[in-house]
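J.: Position one of the sequence shown corresponds to residue 25 (this note's numbering), numbered consecutively onward.
The beta carbon of each residue, even a glycine, is placed where N, CA and C say it ideally should be.
Pasting in a structure now, in C-alpha cells, and then I'll have a few things to ask.
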Amino acid sequence: MNTKQLDSDYIAHTYARFPVEIVSGKGAVVTDADGKQYLDFGSGIAVNTFGTADRDWTNAVISQLSLFQHTSNLYYSKPCAELAKMLCERTNMKKVFFCNSGAEANECAIKLARAYGEKKGREYYNIIALKNSFHGRTLATLAATGQDVFHEKFTPLPEGFVFAEANNIESLQQTAEDNKCCAIMLETIQGEGGINVLTNEFVKAVRDVAEKHDLLIIVDEVQTGNGRTGKLYSYMHYGFTPDVFTTAKGLGGGLPIGACVMGEKAENLFAPGDNGSTFGGNPVVCAGAVNILSRLTDEMISEVAEKGENLKKQLESIAGVTEVSGRGLMLGLLCEKDSSQIIAEAREKGLLLLKAKNKIRMLPPLTVTKEQIDAAVQIISECITT
Ligand SMILES: *Cc1c(COP(=O)(O)O)cnc(C)c1O
C-alpha cells in the first residue's frame, strides 16, 4: 500500500498534509517519492538549520550514536554538559534544562514563572502573554497561546494567563496593573501568528513593566532562535538579555530537542525533583546540537542577515506584493493573491513554502545559497503575477 493511503488509514487526522512524500535531500533541496526535486523553503518548520542530510552534522550524530545512544538523566554525559556550556557562554545565561520540544521548554518556563511568583505570594501566578502568540500544544502552553481557535474543544485550560496586545504599550501596562503577575512571555517575532515583529518601543516597555512589577521576562525563541533571524537569538536585536528564554526547532538541526535557558533571576528557582524528562539531554541529540551551535559562528549568522535582506528586497520589488515582514531568514509575505493558491502553484513549480495566518512564510535552511534564493524569488514572482 502506498504511504499516503497508510498515513490516512492509521495516522490521527491532526494535520492537513501537503501532497508530497519526501524521501531524501541535500542542503536546501529535497526529493519526493516520484523523484521530483523541490527547493525547501520550510526546513521542516525551521528545524533543518543546515539543510537536509548535512554531512558534518550527520557525522557528529552517527559518531555519538555508535558510542552510546542514551543514559537517562541519572548519569552524566558529555554532549549534554558541553551543549549547556555553549548555550550559556553564547548568551550570558546561567543554567539550562533540556527537554524534547518547544512546548516542553515553554512548560518549563511556565513552571519557573510560577516558582518566581510563589516567592512574591501565592496569588502572583498570572503570566502576561500576547494576543496572537503561539507557545505550543500542551494544555498549559495552549493556555499561553493567545489565539482562541486553538482553545475551542479543550477547555477548561489551566488558569493564570492574561493577555496584552502585541505592540500596544498601554494594553501591556494596563494588563500588568489589573492582574497579580509573575512573568511576561513573548515571541519577538510571532511565528505561527503571522510573522509579526515586535517594535523596539514595545520591547523597551516590556522591560520597564517587568521592572516596575517584578516580572520574569521569558522570550520564546523556539522558532526565532539559533541564527534564524540574523542574530543567534532574536532578543539580541533589542539589546537586552531576558531572564529566561526557550528554544527548540533549529537547535537540534533535525533531531528533537528543547531547552529552557535561565539567567540569574531564574537559575535557582528549581530544586532536585522540580522538573525532569526521560529523554531530555539525550547524548545523540545533544551531539547534533553541539555541531549546529559550534557552526553558527558570528560570520555565518551575519551572512544569514545579508541573505535575508537580499530575499526581502527582491520580494518587495515584485508587483502584487502587499507586505514583507520578518527578519533574517524568517519572512512573511502578503500578496493581493491568496496565499494558499500561491503556495500550491509554487509547489507545482518545485518550491516548498509554508503558511502563517494569511501570509506565506519562508524559513529556508540557513545555508541556502544566493542562487537558490534567486530561483525561489523567480518562482514566487511567476506565481504572483499569473
Ligand atoms: C513551534 C513552536 C512552539 C512549539 O514547539 P513544539 O516543538 O512543536 O512543541 C512553541 N513556540 C513557538 C514560538 C513555536 O514556533
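Could you spell out the range, first to last residue, of the beta strand (DSSP E) harbouring A22?
T.: This structure cannot settle anything about residue 22, because the visible part of the chain is limited to 25 through 410.
J.: Following a CB-centred definition, is R41 positioned closer than 7 Å to any heavy atom of ligand 1?
T.: Position 17 of the sequence shown, counted from the start, is the residue given in the question as residue 41. False, no ligand heavy atom lies under 7 Å from that Cβ.
J.: From what residue to what residue does the alpha helix (DSSP H) around K102 run?
T.: As a working mapping, residue 102 is identified with position 78 in the sequence shown. From DSSP, the alpha helix (DSSP H) with K102 extends over K102 to T115.
J.: Where DSSP assigns a beta bridge to Q198, which residues make up the other side?
T.: Stepping through the sequence shown from its first residue, residue 198 is reached at position 174. Bridge partners of Q198: none, in fact.
J.: Run through DSSP, which three-state label would Q93 get?
T.: Taking the first residue of the sequence shown as position 1, residue 93 is located at position 69. Coil at Q93, not helix or strand.
J.: Any heavy atom of ligand 1 closer than 7 Å to the beta-carbon of V246?
T.: What you label residue 246 is simply residue 222 of the sequence shown in a count that begins at 1. Within the cutoff, so yes.
J.: So what's G141 in DSSP terms, helix, strand or just coil?
T.: Along the sequence shown, one-based indexing puts residue 141 at 117. Reduced to three states, the DSSP call for G141 is helix.
J.: Should Q93 be labelled buried (16 or more other beta-carbon atoms within 10 Å of its own) or exposed?
T.: Residue mapping note: residue 93 aligns to position 69 of the sequence shown, counting from 1. Q93 is exposed by the Cβ-count criterion.
J.: If you follow the alpha helix (DSSP H) that Y34 is in, where does it begin and where does it stop?
T.: Taking the sequence shown and counting its residues from 1, the one referred to as residue 34 is at position 10. It spans T27 to Y34 - the alpha helix (DSSP H) in which Y34 sits, taken as one unbroken run.
J.: What does DSSP give as the partner residues of K119 in its beta bridges?
T.: The residue you call residue 119 lines up with position 95 of the sequence shown. K119 pairs with M286.
J.: State the DSSP-derived secondary structure class of I219, mapped to helix, strand or coil.
T.: Here the question's residue 219 lines up with position 195 in the sequence shown. Here I219 sits in coil by DSSP.
J.: Which first and last residues belong to the beta strand (DSSP E) in which S48 is found?
T.: Here residue 48 is taken as the residue at index 24 of the sequence shown, counted from 1. Start and end: I46 to K50.
J.: Rounded to a whole number of angstroms, what is the C-alpha to C-alpha distance between D172 and I325?
T.: Position 148 of the sequence shown, counting from 1, holds the residue named residue 172. Position 301 of the sequence shown, counting from 1, holds the residue named residue 325. Cα-Cα distance, rounded: 35 Å.
J.: Under DSSP, the beta strand (DSSP E) around M354 begins and ends at which residues?
T.: For the purposes of this step, residue 354 is taken as the residue at position 330 of the sequence shown. Counting along the chain, the beta strand (DSSP E) containing M354 begins and ends at M354 to C359.
J.: Are the C-beta of G66 and some C-beta of chain C separated by less than 8 Å?
T.: Among the protein chains of the structure shown there is no chain C, as only one such chain exists.
J.: Three or more C-beta pairs under 8 Å: does that hold for the segment 359-369 against the segment 377-386?
T.: Output reads yes: the segment 377-386 touches the segment 359-369.
J.: Buried or exposed: which applies to Y140, given that a residue is buried once 16 or more other Cβ atoms fall within 10 Å of its Cβ?
T.: Taking the sequence shown and counting its residues from 1, one reaches residue 140 at position 116. Classification for Y140: buried.
J.: Looking at the structure shown, is G184 part of a helix, part of a strand, or coil, going by DSSP?
T.: On the sequence shown, residue 184 is found 160 positions in, with the first residue counted as 1. Three-state result, G184: coil.
J.: Assuming Q311 contacts Q61 (C-beta within less than 8 Å), just tell me the rounded distance between them.
T.: Locating residue 311 in the sequence shown gives position 287, where the first residue counts as 1. Locating residue 61 in the sequence shown gives position 37, where the first residue counts as 1. It should be noted that the sequence gives Ala, not Gln, for residue 311. The pair is not a contact, with the Cβ atoms about 30 Å apart (cut-off 8 Å).
J.: With distances taken Cα to Cα, identify the nearest neighbour of N299 among A127, E131, T199 and H237.
T.: As a first step, residue 299 must be located in the sequence shown, where it is residue number 275. N299 has its Cα closest to that of E131, out of A127, E131, T199 and H237.
J.: Would you report the Cα separation of N250 and G274, rounded to the nearest angstrom?
T.: Translated into the one-based positions of the sequence shown, residue 250 becomes position 226. Translated into the one-based positions of the sequence shown, residue 274 becomes position 250. Cα-Cα distance, rounded: 6 Å.
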